[in-house]
Amino acid sequence: GIKNTTGTTVGSDMKNTGYVLMSQTEAVDQTAGTDTTNIIIPANSQLVSADLYVSVVWNGSVSTAGLGYVGDATAFTSATGVAGGTLGVIKITAGANKARVDAWADVGSTDRRLLLTNGNTGTGVGWLTVTYIQNVNVG
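Residue numbers for the sequence shown follow my numbering, beginning at 10 and rising by one.
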């Protein structure tokens with residue numbers, strides 16, 4: 010591959026390298042108000058997708074959760090942005106919120122330990138999978 014751009018000719022002197030898509034998965038549940046995961050997103054990474062694989066639905070008066078990191082529990086979704094009350098693979102998105110879209114585009118200058126904050130305790134069980142581009146530094 011060509012690592013440095015020194016000209017304008019594709020295939021000979023223009024950079025043609027990219028980034029690797031990374032992924033981390035961890036079992037999560039609804040037994041506590043906050044599930045502090047061991048998923049660590051490296052500084053300056055871009056979140057590409059997040060999915061909650063719900064095998065036992067989140068229950069109780071609130072069957073939703075929010076995705077964030079230690080220090081900002083709603084950095085990536087609203088407090089009710091993850092629909093844990095639905096069996097299956099739930100796509101997690103930033104929603105229509107500029108600050109959250111920006112946080113997905115670049116998690117910031119420090120590593121982020123992810124949190125799944127449950128609306129209440131219950132018997133929900135699943136796996137959280139997050140894919141990201143490591144240290145792409147688009148922000």
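C-beta: ideal position from N, C-alpha, C; glycine also.
- DSSP places Asp111 in the helix class (H, G or I) of the three-state scheme.
- When DSSP assignments are scanned along the segment 44-130, the uninterrupted stretches of beta strand (DSSP E) that are 3 or more residues long and fall wholly within it turn out to be 55-65, 74-78, 97-101, 121-127.
- Taking all protein chains in view, the Cβ of Asp44 is crowded by 16 or more other Cβ atoms within 10 Å, so the residue is classified as buried.
- Rounded to whole angstroms, the Cβ separation of Lys100 and Asp38 is 20 Å, and the two are not in contact under 8 Å.
- By the neighbour-count definition (other C-beta atoms within 10 Å, threshold 16), Asn47 is an exposed residue.
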